[in-house]
Amino acid sequence: MSGHNKWSQIKNKKGVTDKKRGNLFSKLLRAISIAAKNEPNPQFNPRLRSAIETAKENHVPAENIERAVNKASEEKNLEDLVIEAYGPEGAALIIEAVTDSKNRSIAEIKNILSENNAKIATPGSVLWSFNPPSAQTNMKWAAKFPQAVSEDAKQKLTKLISELDGHDDVLKITTSAEI
């Protein structure tokens with residue numbers, strides 16, 4: 008009668024969902040820490056306010072959010088990173104990351120990009136094709152010229168985005184491609 012224990016089945020499902028939830032929480036809390044680095048008051052810091060709202064939408068406990076804001080005022084070694092890249096069929100990518108080691112993160116992200124036939128672009132060569140984050144765009148990058156891509160490119164781009172999203176330091180990935 009092995010495998011008929013209900014707890015062992017629940018434990019396996021719970022472990023997977025808890026791991027996904029934990030990774031999401033850590034990314035959101037890291038974003039809050041970075042946003043709170045300069046101004047810990049969300050009333051005067053729209054980026055922090057947006058990060059806190061996103062965390063609350065994803066059911067991050069208020070205590071954890073408060074701890075992340077307090078941690079930011081104590082710790083000044085985390086760095087914001089915006090990486091520009093080109094993916095399949097020349098789709099523009101903006102990769103936002105938070106790291107304690109800029110060189111390590113860039114090398115790891117560059118490796119993920121090269122494994123998926125994508126490449127890092129020179130600074131400014133991708134950003135021009137996006138509207139910067141603002142209150143109108145809900146604090147997100149918005150493509151000025153959305154790009155239609157083939158089904159094959161969509162699959163490759165989806166795979167690339169999921170691999171980048173799996174990286175601990177990556178917070179957000181924005182693409183100009185219509186997926």
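8 is the number of the first residue of the sequence shown in this note's numbering; add one for each residue after it.
C-beta: ideal position from N, C-alpha, C; glycine also.
* To do: Helix, strand or coil for V89, going by three-state DSSP, please let me know.
  => strand
* Asked: N123 to R28, Cα distance in whole Å?
  -> 26 Å
* To do: Per DSSP, which residues does A99 bridge with? Please list them.
  => Y93
* Asked: Considering V177, what are the terminal residues of the beta strand (DSSP E) in which it resides?
  -> V177 to T182
* If you draw a straight line from the C-alpha of E91 to the C-alpha of V156, how long is it? -> 19 Å
* May I have a chain-ordered list of the alpha helix (DSSP H) segments no shorter than 4 residues that lie completely inside the region 18-85? => 53-64 and 69-81
* Spatial neighbours of P95 within its chain, please: CB distance less than 6 Å, with the 5 preceding and 5 following residues excluded, ordered by chain position. => A160, K163 and L164
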